[in-house]
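Note that the working numbering has the sequence shown beginning at 16, numbered continuously upward.
Below is one structure, written out as structure tokens; the observations come after it.
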Amino acid sequence: MSTIIFGSTGLCGAAFLKYADKLDALNHLVTVTRRSLDYESSKLEKIVEADSTKYPGIVAATKPKICYTSLATTRGAAGSAQAFVDIDYGINYDIAKAAKESGVETFVLISSIGASALSPFLYMKTKGRLEDDVIALKFPRTIILRPGPLLGEREKSKGFLNSATEYLMRPMYKFSFTKSLFAPIYGDEVGKAAELLIAKPFDSSKPVVEIVSGKELFEVK
């Protein structure tokens, strides 16, 4: 089964690629990245493309059965509110539309805890709007993961606030009450959860939407 992966140089995407590579049912993995990817596999086809407007065309040409995206940024890293929306919502939604048109059966979106189109906060509002619009496309199966603050070694910083949050959350990760309140989680755990959910059978007779949020991610088996 062919799977296309966006965001494989990030914490969650890199972990998902690692676990997807071990899943026998996924026999063809395609990564689309802005920079070269330091990962090798006989299953893997690597596409390096810095122009995100070409991503929908790559999806159409690949014709995958599974599309995974964890493409994300922060307002600080993007440089402005509009640039953040253009990346976090715009690029991901264009990918989702192309995936739907190409016959993708399972669409996997890494979102965020607290995502809601009604949120007064730009980050949560943008994530929620994207979730709603992806669900409206009615894939046979939509999987949305909403992790809390992400922990792990990043190749590239996403700004001071993101780094400060991780610095504060990392020593608290081992306490169960922290997981219940804030749900800090390692990117590796998010990637593993996505792989486990994909591997489960589903009823394709009607659209299935699975949303796994916060501490629920620790319970995926």
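Yeah, the Cβ is synthetic: ideal placement off N, Cα and C, and Gly gets one too.
Please read all numbers here as calculations on a predicted model, not as lab measurements.
In this model, VAL224 and PRO199 are separated by some 24 Å (Cα to Cα). Scanning its chain for C-beta atoms nearer than 6 Å, with the 5 sequence neighbours on each side dropped, one finds around LYS207 the residues TYR34, in chain order. When DSSP states are grouped into helix, strand and coil, TYR54 belongs to the coil group. LEU160 has its alpha-carbon roughly 10 Å from the corresponding atom of SER85. Across the structure, LEU52 and VAL45 are spaced so that their CA atoms are roughly 11 Å apart. When the Cα atoms are used, LYS112 and GLU168 turn out to be separated by approximately 31 Å. Using a C-beta cut-off of 8 Å, the stretch 145-163 makes contact with the stretch 124-137, since at least three inter-stretch Cβ pairs fall below that distance. Uninterrupted alpha helix (DSSP H) stretches at least 4 residues long and entirely within the stretch 34-113 occur at 70-77, 90-93 and 96-100, given in chain order. When SER134, PRO216, ASP101 and ILE106 are compared, the shortest CA-CA separation from ILE73 is found for ILE106. In this structure, LYS80 sits near SER17, with a CB-CB distance shorter than 8 Å.
At the C-beta level, CYS82 and ILE110 come within 8 Å of one another. A direct Cα-Cα distance of roughly 32 Å separates PRO135 from ILE213.
Restricting attention to alpha helix (DSSP H) runs no shorter than 4 residues, the stretch 191-225 encloses them at 191-196 and 202-214, ordered along the chain. Pairing ALA130 with GLU116 gives a Cβ-Cβ distance that is not under 8 Å. Taken through DSSP and simplified to helix, strand or coil, THR141 comes out as helix. Between SER56 and ASP39, the gap from beta carbon to beta carbon reaches 8 Å or more. Check the Cα spacing between GLU60 and each of PRO71, SER219, VAL149 and LEU41: the tightest is with LEU41. Boundaries cannot be given for PHE136, as no beta strand (DSSP E) includes it and DSSP labels it neither H nor E. DSSP lists HIS43 as the bridge partner or partners of SER17. DSSP places PHE122 in the strand class (E or B) of the three-state scheme. Within the same chain, THR48, ARG50, LEU52 and GLU170 come within 7 Å of THR24 by CB-CB distance, once the 5 residues on both sides are set aside.
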